[in-house]
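Trainee: Quick one: the structure is below, and I'll ask about it shortly.
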Amino acid sequence: MMATRTVLLLVVGLCAIGAVNWATWHDLQRPPLAAADGAAWLPFAAIRKAGEGWEFPPDLAAHEGHETVLSGVLFTLPQLVHGGLMDGAVLGPPSRFGCCGLSCDARPQFLVFVDLPTPQPAPAKNRRARVTGTLRLQREGGGWTATTLEGARVELLADAP
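Residue numbers for the sequence shown follow this note's numbering, beginning at 152 and rising by one.
Spelled out as structure tokens, the structure:
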């Protein structure tokens, strides 16, 4: 009886350890461009270079011209900050917070240009933010990014990821 109980506890313990390991592995396998509120970051990974321009996946193209909400890391660029006010910025996926910034992965398909209708105070450092705006796809290429949130409203979030 005691041996059966010990074996049962051992099996349950091994199953629990296995479940924790599987859950951890599963979380690591999840794409770093996980869905935020509104449109997901995941479709941005499927943007492909097409000659001089860009080719967009259907699920992202379906959002074009619609209000879109993305949460990520807001990067201010010196050329867009004048007198402490930013005219625009670049939004990257949440995985960019705490990493080496834009140099982590500067591919334009993983960055969204934040087009502000009026200048607003620039944060002193890269910040987590929720940005709402009209999604525009830059099919012709040549810009800083493959996508833009036009007429954007920026809500700065707490720094803790």
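Ideal Cβ placement from N, Cα and C applies to all residues, glycine included. All figures in this text were calculated on a predicted structure; none of them were measured in a lab.
1) Ordered along the chain, which non-local residues of its own chain (more than five positions away) have a Cβ less than 6 Å from that of ALA297?
2) Closer than 7 Å by C-beta to LEU231: which residues in its own chain qualify, once you throw out the five before and the five after it? Chain order, please.
3) Got a sec, what are the start and stop residues for the alpha helix (DSSP H) ASP210 sits in?
4) Between ALA309 and VAL282, how many whole angstroms is the CB-CB distance? I'm expecting something under 8 Å.
5) Quick one: measure Cβ to Cβ for ARG265 and LEU211, integer angstroms, because I've assumed they're closer than 8 Å.
6) Looking at the strands, I want to know which residues DSSP matches up with PHE264.
7) If you draw a straight line from the C-alpha of PRO208 to the C-alpha of THR155, how long is it?
Mentor: Let me lay it out:
1) The residues are ILE198, TRP205, PRO259, GLN260, GLN289.
2) In chain order, MET237, ASP238, GLY239, ALA240 place their CB closer than 7 Å to the CB of LEU231, counting only its own chain and leaving out the 5 sequence neighbours on each side.
3) ASP210: member of the alpha helix (DSSP H) spanning 209 to 212, first to last residue.
4) With 8 Å as the limit, ALA309 and VAL282 do not qualify as a contact, their Cβ atoms being about 16 Å apart.
5) The amino acid occupying residue 265 in the given sequence is Val; Arg does not appear at that position. The pair is not a contact, with the Cβ atoms about 17 Å apart (cut-off 8 Å).
6) According to DSSP, which records beta bridges pairwise, PHE264 is partnered with VAL241, THR299.
7) So the two alpha carbons sit approximately 56 Å from each other.
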